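Undergrad:
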Amino acid sequence: MARSGLATRLYRGEAGLNIIGKRKLWFSIAGALVLAAVLSFAFRGFTLGIEFEGGNSFQVPASVGTLSGTEERVNGVLDSVAGGTEVESAQTVGGGSGEFYEFRTAVLSSEDANAVKAGLTQEFGLNADQISSNQVSAAWGGQYTERALLGLVIFIALVTLYLIIRFEWRMAVSAVSSLLLNLVLTAGVYSLVGFEVTPSTIIGFLTILGFALYDVVVVFDKVQENTRGITASNNQTYGEAANLAVNQTLMRSINTSLVALLPVGGLLFIGVPLGAVTLKDLGLVLFVGMLVAVFSSLFFATPVLATLKDFEPRIQAHTKRVLARRGAIARGELTPKGAPARPTGGGEPAADVENAALAGAAPKVGARPAAKRSTGARGGRPSGGGGNRPGGAKRR
0 MARSGLATRL
10 YRGEAGLNII
20 GKRKLWFSIA
30 GALVLAAVLS
40 FAFRGFTLGI
50 EFEGGNSFQV
60 PASVGTLSGT
70 EERVNGVLDS
80 VAGGTEVESA
90 QTVGGGSGEF
100 YEFRTAVLSS
110 EDANAVKAGL
120 TQEFGLNADQ
130 ISSNQVSAAW
140 GGQYTERALL
150 GLVIFIALVT
160 LYLIIRFEWR
170 MAVSAVSSLL
180 LNLVLTAGVY
190 SLVGFEVTPS
200 TIIGFLTILG
210 FALYDVVVVF
220 DKVQENTRGI
230 TASNNQTYGE
240 AANLAVNQTL
250 MRSINTSLVA
260 LLPVGGLLFI
270 GVPLGAVTLK
280 DLGLVLFVGM
290 LVAVFSSLFF
300 ATPVLATLKD
310 FEPRIQAHTK
320 RVLARRGAIA
330 RGELTPKGAP
340 ARPTGGGEPA
350 ADVENAALAG
360 AAPKVGARPA
370 AKRSTGARGG
380 RPSGGGGNRP
390 GGAKRR
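What follows is the structure, encoded as structure tokens:
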């Protein structure tokens, strides 16, 4: 029979990938990534949008020319009106006849903002109502961030309570640590690449937590199923049962992630170039966060759980029994269940000899005690052939 391919074995949960056994490798990778993210936070920081830093934005119809050429002309107006101020970011917003360029600057006073708008109107020969300007205070971004952090704390608290009730506290700790890893690594990507942080980014961060939690719960549900009553037998350790659960749910997690990433990727790589620029920030954080969630849920959450369970005395004793049994089998002192018995020197299987000895030594349940009968009597009667007749003489 032809050997099944990797994809088929993955679908059946028979790939046998040793994920739990290589937990030190996954922890090392996660630690290195977290270190890189923290260093990026310290030295690069984040590229904050106008909603968090505060500033002014001016919108000019795209019909005036190219984005780069229009930016140069806007910088000229800014230099003449508010010397030292220049465009900090420029992007195309909208599409078709409603397409326009948005230029963001540092915070300007009301007088300077009105002067810049008048200068742009004169520079491009447009009407005043064709150019719009907005001013955003940094205080608004601070309030938005504060509310988002409060929502994050409440979310994690409720998730922890649910997982403790649904599973146990060790699974709750493992799942929450996986969620925090997901947040840190996604934020690290934003810091390293220089993606702009906007309110849509914050919404995306909170959204990916739900996706990552779903994946972790699916894996933990299978772990709980595989490890239920595991200490009653000495065939499998907790780590091995957890590793089997990860293998059995691996393909499901991959399929779920691909199905979720396809529409997000379509929005990011197809929709944005076609004009859906306002959804760029949300699509970007969802795409990055979902990719990171695959790693954190499969290669971090379950290994953390297995490590925490190894500190439980009941699991430690069970692991010792499993390893002791395997050592006895390797030395030939014990025959595995279902394996052919080893013959003894007399030609009889050792298992048969042992079973026969046990059968002769132990009475069956419900059997009467066997009393020793006299060799000279049978059934309480004297030996001899005559029964009640004396002498046992036969009547002729």
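Residues in the sequence shown are numbered consecutively from 0, following numbering that gives the first Met the number 0. Backbone N, C-alpha and C fix where the C-beta goes; we use that ideal spot for every residue, glycine too. Just so you know, these numbers come straight off a predicted model, no measurement behind them.
Just to check my reading of the structure: N181 and L16 have Cβ atoms closer than 8 Å, yes? What is that Cβ distance to the nearest angstrom?
TA: Contact flag wrong, Cβ pair sits at about 21 Å.
Undergrad: When you compare each of E145, F154, G193, F219 to E167 by their alpha carbons, which one comes out closest?
TA: The shortest Cα separation from E167 among E145, F154, G193, F219 belongs to F219.
Undergrad: Work out the CA separation of V321 and N354 for me, nearest whole Å.
TA: Its pLDDT being 41, under 50, N354 is placed unreliably by the model, and nothing is read from it.
Undergrad: Quick check on the DSSP output: the alpha helix (DSSP H) that includes V63 runs from which residue to which?
TA: Here V63 belongs to no alpha helix (DSSP H), and DSSP marks it neither H nor E.
Undergrad: Who are E195's beta bridge partners in DSSP?
TA: Answer by DSSP bridge pairing, in chain order: T46.
Undergrad: Apart from the five residues just before and just after V86, which ones in its own chain have a Cβ nearer than 8 Å to its Cβ?
TA: Here the set comprises E70, V73, N74, L77, F102, R103, T104.
Undergrad: In the DSSP assignment, find the alpha helix (DSSP H) that holds R227 and state where it starts and stops.
TA: Premise fails: R227 is in no alpha helix (DSSP H) and is neither H nor E.
Undergrad: I need the boundaries of the alpha helix (DSSP H) containing E239, first residue and last residue.
TA: Counting along the chain, the alpha helix (DSSP H) containing E239 begins and ends at 237 to 265.
Undergrad: Return the bridge partner residues of Q315 from the DSSP annotation.
TA: Paired residue(s): none; Q315 is not in a bridge.
Undergrad: Which residues does DSSP list as the beta-bridge partners of A89?
TA: For A89, which the question treats as bridged, DSSP gives the partners F102.
Undergrad: Take A114 as the anchor and find which of N55, S136, G265 has the nearest alpha-carbon.
TA: The option with the nearest alpha carbon to A114 is N55.
Undergrad: Relative to the alpha-carbon of G118, which residue among S256, W25, A81 has its alpha-carbon at the smallest distance?
TA: Nearest of S256, W25, A81 to G118, Cα basis: A81.
Undergrad: Going by beta-carbon coordinates alone, are F40 and V196 separated by less than 8 Å?
TA: No, they are not a contact pair.
Undergrad: I18: buried (16+ other C-beta within 10 angstroms of its C-beta) or exposed?
TA: Flag for I18 reads buried.
Undergrad: Should I49 go down as buried or exposed, given a rule of 16 or more other Cβ atoms within 10 Å for buried?
TA: Classification for I49: buried.
Undergrad: Could you please give me the residues that DSSP links to G282 through a beta bridge?
TA: Bridge partners of G282: none, in fact.
Undergrad: Please identify the residue among M170, I153, T230 whose C-alpha is closest to the C-alpha of L302.
TA: Residue identity differs from the one stated: residue 302 is Pro in this sequence, not Leu. Here the closest residue by C-alpha is M170.
Undergrad: Could you spell out where the beta strand (DSSP E) holding S109 opens and where it closes?
TA: Here S109 belongs to no beta strand (DSSP E); instead the alpha helix (DSSP H) covers 109 to 123.
Undergrad: DSSP state of F204, grouped into three classes?
TA: In this structure, F204 counts as helix in the three-state DSSP scheme.
Undergrad: For D128, count the other beta carbons within 10 Å of its own beta carbon; 16 or more makes it buried, fewer makes it exposed. Which is it?
TA: Exposed: under 16 other Cβ atoms inside 10 Å.
Undergrad: Would you call the region 235 to 254 in contact with the region 300 to 317, where contact means no fewer than 3 C-beta pairs closer than 8 Å?
TA: In short, these stretches touch, since the Cβ pair count reaches three.
Undergrad: In three-state DSSP terms, what is S232?
TA: Three-state DSSP puts S232 in coil, outside helix and strand.
Undergrad: Following the continuous alpha helix (DSSP H) through Q129, name the residue where it begins and the one where it ends.
TA: Taken as a continuous stretch (DSSP letters only), Q129 belongs to no alpha helix (DSSP H), as it is neither H nor E.
Undergrad: So what does DSSP say about F299, is it helix, strand or coil?
TA: It is helical.
Undergrad: With H, G and I counted as helix, E and B as strand and the rest as coil, what does DSSP make of G54?
TA: Looking at G54 - three-state DSSP - the assignment turns out to be strand.
Undergrad: So what does V135 bridge to, in DSSP terms?
TA: According to DSSP, V135 bridges with G54.
Undergrad: If you draw a straight line from the alpha carbon of V263 to that of G228, how long is it in whole angstroms?
TA: Whole-angstrom Cα-Cα distance: 41 Å.
Undergrad: Could you check what DSSP says for D78 in three-state terms: helix, strand or coil?
TA: In this structure, D78 counts as helix in the three-state DSSP scheme.
Undergrad: CA-CA distance, F310 and W139?
TA: Computed Cα separation, rounded: 47 Å.
Undergrad: Only counting the same chain, and skipping five residues up and downstream in sequence, which positions put a Cβ closer than 8 Å to that of V364?
TA: For V364, the predicted model reports a pLDDT of 39, less than 50, meaning its position is unreliable; a value from the coordinates is still stated below. So the list is empty, once near-sequence residues are dropped.
Undergrad: Given A356, which residues of its chain have a CB within under 6 Å of its CB, disregarding the five upstream and five downstream residues?
TA: In this predicted model, A356 has a pLDDT of only 37, less than 50, meaning its place in the structure is not dependable; the value taken from the coordinates is given anyway. So no residue of the chain qualifies.
Undergrad: Taking A292 and A186 to be in contact with their CB atoms under 8 Å, please state how far apart those CB atoms are, rounded to whole angstroms.
TA: So it is not a contact: roughly 14 Å between Cβ atoms.
Undergrad: May I ask you to report which of helix, strand or coil DSSP gives D309?
TA: DSSP places D309 in coil when its eight states are reduced to three.
Undergrad: With distance defined between alpha-carbon atoms, name the residue in R22, I269, R43 nearest to G193.
TA: Considering only alpha carbons, the answer is R43.
Undergrad: Only counting the same chain, and skipping five residues up and downstream in sequence, which positions put a Cβ closer than 6 Å to that of E98?
TA: Here the set comprises A61.
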